[in-house]
Amino acid sequence: MVPASEHPTLKRIGAGVPSEPPPVTLEEVRAWCSELGIDDVGCVAVEREGVASERAAAEGLLPGTRTLISVVMRMNRENIRSTARSVANLEFHQTGHALNAAARALVMRLESRGHRAVNPSVGFPMEMDRFGTGRGWVISHKPIAVAAGLGHMGIHRNVIHPRFGNFILLDTILTTARIHHDVEPLNFNPCLECKLCVAACPVGAIAPDGRFDFSACYSHNYREFMGGFTDWVEAIADAPNAKAYRAKFSDGESASMWQSLSFGANYKAAYCLAVCPAGEDVIAPFVQNRAGFVSQVLRPLQQKEENVYVVQGSDAEAHVTKKFPHKHVRRIRSGLRPSSVASLIAAMPHVFQRGPALGLDAVYHFRFTGKEPRDVTVTIRDQTLRVEDGLRGDPSLTIIADGETWIGFLRKERNLLWAILRRKVRLKGNPGLLLKFGKCFP
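Following this line, the structure appears as structure tokens:
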């Protein structure tokens, strides 16, 4: 073996500490992005207030991160608007692959200049070992894009670019390079608040007042992702034979799941993106002939006969039954199942249903014991939910429960009556309030 003092590589670079690599300017990054087919780019210093939520994640992914580079690639609008979901999903997949490839090439440019850099995925794959216990994505692209001046969130919770509208995909490159810039968030929101996304959503996930029903969107649009896939696998496991399986799933549904497994998971709707008219390149047909835009873009999606996946007893089920009686309601089990006390508490605001909460005015004290001891107050009033740490106010019902037992009950792995008899769960107050509480979280 060659002694370190004679090693060719060490002799070439010298024994001293490597000097700071040459700086990279925003103009250089923009030029590289243009060559790579990226349609817009913005840079944000990791210290910026607007990306505080991502700072720890960035440091964990790339220690020493200084700059977050947000990149945008536009999608073809008419593909996304198509009632043929295969056409829309192909556009999502192809644009995603193209943007992932471009981001990877941008990282190579930065590395060639001596700067460390990482490009997380546009969407999938994610860290699925975290599924159910934390966030599967390693970095959140939307707040970074907003901070980088590339748009603002519309009421449909998608970033709207001032030129391309919401027909975009986002990615983020983390780098140790200090890229000097003076970019600020966009000084206006391109969202028109036209409520076409409200009208288009088959499960009513977007309310006119701006409220977003995460569980409704997750259950239907992401049916063939994550929790929906888990539900399908468990349905197979529960089926005693092929006939029983076919009684629950049509051949088309099975083939659709196969297609997602083979070619990339398919979105069932994403109609909020399809109908959005915001953005300089998008808005003209809407402004010139609103009725025509509604007829050509919105109505075909509303009138389409299709399966709509909902959890029984949810607001989404009530919505599709009332607004779209020609669509086919498919009841599924929720894929948002807690695996710990912490994940249960974090998930509550995302799965709370306002419809079943009508007329309920109650304060619940939860006292969790065991491996995850925690006191929590849950207040349901005026069809709203408030979750607070600690025990606050006078309770209508107090639930004292071993955390693991309670989670097992919610996952339908343990019997509540058995748990009460074994004093793993104790109730103080009107037990009927627990039934009403459960209906708010179907």
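When you read off a place in the sequence shown, starting at 1, and then add 545, the result is the number in our numbering. Glycine is no exception: its CB is placed at the ideal position from the N, C-alpha and C atoms.
{"Item": "Pull up the distance between the alpha-carbon of phenylalanine 954 and that of asparagine 960, whole angstroms please.", "Value": "6 Å"}
{"Item": "Determine the DSSP secondary structure at threonine 950, reduced to helix, strand or coil.", "Value": "helix"}
{"Item": "Could you tell me whether the Cβ atoms of phenylalanine 669 and alanine 810 are closer together than 8 Å?", "Value": "yes"}
{"Item": "For a quick check, are the C-beta atoms of alanine 907 and leucine 942 less than 8 Å apart?", "Value": "yes"}
{"Item": "Answer yes or no: do glycine 837 and phenylalanine 709 have a C-beta to C-beta separation smaller than 8 Å?", "Value": "no"}
{"Item": "Pull the bridge partners of serine 615 from the DSSP assignment, please.", "Value": "Gly587 and Thr717"}
{"Item": "Would you mind giving the Cβ-Cβ distance between arginine 622 and alanine 722, rounded to the nearest angstrom? I have them listed as a contact below 8 Å.", "Value": "Arginine 622 to alanine 722, Cβ: 34 Å. No contact."}
{"Item": "Taking all protein chains shown into account, do 16 or more other C-beta atoms lie within 10 angstroms of the C-beta of alanine 903, making it buried, or fewer, making it exposed?", "Value": "One point to set straight first is that residue 903 is leucine, not alanine, in the sequence displayed. Label assigned to leucine 903: exposed."}
{"Item": "At what residues does the beta strand (DSSP E) containing lysine 973 begin and finish?", "Value": "970-974"}
{"Item": "Which parts of the region 600-667 are runs of the alpha helix (DSSP H), unbroken and 4 residues or longer, counting only runs that do not cross its ends?", "Value": "622-626 and 630-657"}
{"Item": "Within the same chain, show all residues whose beta-carbon is closer than 6 Å to that of glycine 587, passing over the 5 residues directly before and after it, in chain order.", "Value": "Ser615, Ala693, Gly694, Leu695 and Val728"}
{"Item": "In the DSSP output, what is histidine 910 paired with across the bridge?", "Value": "Thr922 and Thr943"}
{"Item": "In whole angstroms, what separates the C-alpha of glycine 582 from that of proline 730?", "Value": "23 Å"}
{"Item": "My understanding is that leucine 881 touches phenylalanine 712, with C-beta atoms under 8 Å, so please give their C-beta distance in whole angstroms.", "Value": "In fact, because the Cβ distance is near 28 Å, the residues do not count as touching under 8 Å."}
{"Item": "Going by DSSP, which residues form a beta bridge with aspartate 927?", "Value": "In DSSP, aspartate 927 forms no bridge with anything."}
{"Item": "Looking at the structure shown, is histidine 864 part of a helix, part of a strand, or coil, going by DSSP?", "Value": "helix"}
{"Item": "Which first and last residues belong to the beta strand (DSSP E) in which valine 855 is found?", "Value": "852-856"}
{"Item": "DSSP three-state label for phenylalanine 794, please.", "Value": "coil"}
{"Item": "Who pairs with phenylalanine 757 in a beta bridge, going by DSSP?", "Value": "Ile751"}
{"Item": "I need the boundaries of the beta strand (DSSP E) containing arginine 844, first residue and last residue.", "Value": "Arginine 844 -> not in any beta strand (DSSP E); alpha helix (DSSP H) instead, spanning 844-848."}
{"Item": "Would isoleucine 724 and threonine 570 qualify as a contact pair, given that the criterion is a beta-carbon distance under 8 Å?", "Value": "yes"}
{"Item": "To the nearest whole angstrom, what separates the beta carbons of cysteine 821 and cysteine 762, a pair I think is in contact under 8 Å?", "Value": "With 8 Å as the limit, cysteine 821 and cysteine 762 do not qualify as a contact, their Cβ atoms being about 15 Å apart."}
{"Item": "Excluding the five sequence neighbours on either side, which residues of its own chain have a C-beta within less than 8 Å of the C-beta of leucine 843, listed in chain order?", "Value": "Leu741, Ala744, Ala745 and Val820"}
{"Item": "If you follow the alpha helix (DSSP H) that valine 896 is in, where does it begin and where does it stop?", "Value": "886-896"}
{"Item": "Terminal residues of the continuous alpha helix (DSSP H) containing valine 1042?", "Value": "Limits of the chain in this structure are 546 at one end and 987 at the other, which puts residue 1042 out of reach."}
{"Item": "If I follow the unbroken beta strand (DSSP E) through isoleucine 877, where does it start and stop?", "Value": "873-877"}
{"Item": "For arginine 835 and glutamine 857, which I take to be in contact (beta-carbon distance under 8 Å), what is that distance rounded to the nearest angstrom?", "Value": "The Cβ separation is near 37 Å, so there is no contact."}
{"Item": "Could you check the C-alpha separation between arginine 967 and alanine 946 for me, to the nearest Å?", "Value": "11 Å"}
{"Item": "Tell me the rounded alpha-carbon separation between valine 691 and leucine 715.", "Value": "11 Å"}
{"Item": "Could you please give me the residues that DSSP links to glutamate 594 through a beta bridge?", "Value": "Bridge partners of glutamate 594: none, in fact."}
{"Item": "To the nearest angstrom, how far is the alpha carbon of histidine 701 from that of aspartate 674?", "Value": "28 Å"}
{"Item": "Which parts of the region 807-841 are runs of the beta strand (DSSP E), unbroken and 3 residues or longer, counting only runs that do not cross its ends?", "Value": "none"}
{"Item": "So, using beta-carbon positions, are glutamate 949 and glycine 915 closer together than 8 Å?", "Value": "yes"}
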